[in-house]
Amino acid sequence: MQSLQEQIKAHEQDINSFTPADAKELEEYRIKYLGTKGIVKQIFGEMKNVPVEQKKEAGQVLNAFKQLAEGKYEEFKHLQDGASQKGPAIDITMPGTELPLGTRHPLRMVENQIVSIFEKIGFSVATGPEIEDDWHNFTSLNMPEHHPARDMQDTFYVSQNPDWVLRTHTSSVQARIMEQGKLPVRVLCPGRVYRNETISARAHCFFHQCEGLYIDKGVSFADLKQALYYFVTEMFGPDTKVRFRPSYFPFTEPSAEMDISCTVCGGSGCNLCKHTGWVEILGCGMVHPNMLRNFGIDPEVYTGYAFGMGIERITQIKYQVNDLRLYSQNDVRFLKQFQSQ
Ligand code: PHE
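The opening residue of the sequence shown carries number 1182 in the numbering used here; numbering runs sequentially from there.
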């Protein structure tokens, strides 16, 4: 009896000092004291060893102990109620379920790179509509109706209105910028363009371009070359070489296409450069005086340069993507490769 009372005292102390922090601790307490194999049951089991004449007294002590143990449980039962009201108890120390994080599209990443390179030399960004009228996409760019250069780009016309087209190039944004008449102007115009092409690894009915336009007094072809050379070394590394080939665009005079030394083989010849050592990356030139005049800009006072590059092309060269269709198939196995770039 003596030892039973001592045991009870020790447990009473434990119970009195016990303050559960949450439903989990309360449940542990319940199992320890009040469960089927708990201490209260166990101690009641000791009754059979108590001599008959002490049973009454022992019974009172044990009952008091039981009440104490149960009272404590009742006192904190609200913890459990709270937990069940707020849904199942959560173990916040458990590792969470990992949610896959999306990535930027490679074309958008490259567009952002192009923009940030040109921003460093004073270009700002401008955008324009993807459904364009004939004037901004063709006529004002020195391509009047029936001009053969219109055939250079297979055009999607909007059936309700033959004056509307899906813009075939971002040069239409050039036109809109000049129209605003604020000079000098130094803008970069990235965006989506459309051409009526059969979809294949090398052609698509929509793709992306980035146009550049700089008009001021005294802008020369040397400025154009310098800006593009700076761009190429920032984009492809300081050892990249450039070359300009004479070309034709109705809205620039003179016009050129720019090649860079092949970034894959360094010039010795590979598939990307078709064993020439050079890859074409953009078209450019000095803004045609006719185009300036179309927007009331005096070509005797102002000159300007323009360039336009394909963002898919730059991405293809930078990351050796060999099929244009990959960009619009939304295959995450392709897209997530660009995660850390
Ligand atoms: N608009 C031309 C194209 O789509 C590219 C270009 C832009 C060329 C600006 C010269 C100047 O091919």
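Glycine is no exception: its CB is placed at the ideal position from the N, C-alpha and C atoms.
Buried or exposed, going by whether 16 or more other CB atoms sit within 10 Å of the CB of residue i?
i, result
"residue 1401", "exposed"
"residue 1498", "buried"
"residue 1232", "exposed"
"residue 1522", "Because the pLDDT of residue 1522 is 47, which lies under 50, any placement of that residue in the model is unreliable, and the number read from its coordinates should be weighed accordingly. Answer is exposed; the Cβ neighbour count stays below 16."
"residue 1253", "buried"
"residue 1466", "buried"
"residue 1315", "buried"
"residue 1408", "buried"
"residue 1275", "exposed"
"residue 1495", "buried"
"residue 1382", "exposed"
"residue 1278", "exposed"
"residue 1352", "buried"
"residue 1329", "exposed"
"residue 1469", "buried"
"residue 1187", "exposed"
"residue 1317", "buried"
"residue 1380", "exposed"
"residue 1303", "exposed"
"residue 1339", "exposed"
Tell me, please, which residues DSSP counts as bridged to residue i.
i, result
"residue 1423", "1441"
"residue 1463", "1439 and 1490"
"residue 1305", "1368"
"residue 1128", "Past the edges of the chain, shown from 1182 to 1522, lies residue 1128, and the structure says nothing about it."
"residue 1284", "Beta-bridge pairing links residue 1284 to no other residue."
"residue 1396", "1366 and 1485"
"residue 1468", "1433"
"residue 1428", "1436"
"residue 1390", "1372 and 1491"
"residue 1163", "In the structure as shown, the chain starts at 1182 and stops at 1522, and residue 1163 therefore has no counterpart that could be examined."
So, under 8 Å CB-CB, residue i and residue j are touching, yes? Tell me the CB distance rounded to an integer number of Å.
i, j, result
"residue 1426", "residue 1440", "7 Å"
"residue 1311", "residue 1373", "6 Å"
"residue 1354", "residue 1308", "7 Å"
"residue 1442", "residue 1422", "4 Å"
"residue 1371", "residue 1462", "Not confirmed; about 15 Å, so no contact."
"residue 1457", "residue 1399", "Going by Cβ atoms, the distance from residue 1457 to residue 1399 rounds to 36 Å, so no, they are not a contact pair."
"residue 1288", "residue 1508", "6 Å"
"residue 1464", "residue 1448", "Actually they are not in contact, since the Cβ atoms of residue 1464 and residue 1448 sit about 22 Å apart, beyond 8 Å."
Between the options, which lies nearest to residue i when the distance is taken from Cα to Cα?
i, options, result
"residue 1337", "1415, 1349, 1327 and 1389", "1349"
"residue 1424", "1433, 1437 and 1432", "1437"
"residue 1200", "1260, 1220 and 1430", "1260"
"residue 1322", "1306, 1442, 1459 and 1358", "1358"
"residue 1227", "1283, 1215, 1352 and 1240", "1240"
"residue 1503", "1488, 1289 and 1384", "1384"
"residue 1505", "1352, 1389, 1215 and 1184", "1389"
"residue 1270", "1208, 1449 and 1324", "1208"
"residue 1482", "1224, 1343 and 1364", "1364"
"residue 1393", "1332, 1285, 1362 and 1295", "1295"
"residue 1512", "1283, 1245, 1225 and 1205", "1283"
"residue 1197", "1318, 1189 and 1203", "1189"
"residue 1184", "1219, 1475, 1500 and 1224", "1224"
"residue 1257", "1475, 1205 and 1299", "1205"
"residue 1246", "1431, 1366, 1219 and 1203", "1219"
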